[in-house]
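Written out below as structure tokens is the structure these notes cover.
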Amino acid sequence: MPNLFLKDEPLDRAPAIVGFEVIRYVRTAGKGRVSIFDVVDHFKRERWFTSTAFFYGLIFLYAVGLLEFEEPYLVALDAD
699 MPNLFLKDEP LDRAPAIVGF EVIRYVRTAG KGRVSIFDVV DHFKRERWFT STAFFYGLIF
759 LYAVGLLEFE EPYLVALDAD
């Protein structure tokens, strides 16, 4: 099984860093709910953006309970 965190990958593509950027955008975009298409459109020009990095960032946020999916929306949850 491949590792989620690789020691030779750029730090800005790490799931925790990507997740932080995504959740910050979702919370500031309005009411904590935004279309996944808008999120991808916003980040597609960033240096760190790859589909794998984005996907792992979303998985990280879901695993720690900061993000929910309501197709096609991403919903930011409050940390308890």
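Take 699 as the starting number for the sequence shown in the working numbering and just add one per residue. For glycine and all other residues, C-beta sits at the position ideal for the given N, C-alpha and C.
7 Å CB neighbourhood of residue i in its chain, flanking five on each side removed
| i | result |
| --- | --- |
| TYR723 | VAL737 and HIS740 |
| ALA774 | ILE721, VAL724, ARG725, GLY730, LEU764 and LEU765 |
Residues of its chain near residue i, where Cβ-Cβ distance is below 8 Å and the 5 sequence neighbours each way are ignored
| i | result |
| --- | --- |
| ARG780 | A query on residue 780 cannot be resolved here, the shown segment of the chain reaching from 699 to 778 and no further. |
| TYR771 | ARG731, VAL732, SER733 and ILE734 |
| PRO708 | TRP746 |
Alpha carbon of residue i to alpha carbon of residue j, nearest angstrom
| i | j | result |
| --- | --- | --- |
| LEU731 | TYR760 | According to the sequence shown, residue 731 is Arg rather than Leu. Taking the straight line joining both Cα atoms gives about 14 Å. |
| PHE718 | GLY755 | 8 Å |
| ILE734 | PHE753 | 11 Å |
| ILE757 | ARG743 | 21 Å |
| PHE747 | LYS729 | 24 Å |
| ASP706 | GLY763 | 27 Å |
| SER749 | ARG725 | 21 Å |
| PHE767 | ASP776 | 14 Å |
Nearest-angstrom beta carbon gap, residue j and residue i [assumed within contact, 8 Å]
| i | j | result |
| --- | --- | --- |
| ILE721 | LEU765 | 7 Å |
Open item on the list: Ignoring anything shorter than 3 residues, give me the beta strand (DSSP E) runs that lie fully in the stretch 719–778, in order along the chain.
Closed with: 731–733, 765–768 and 771–774
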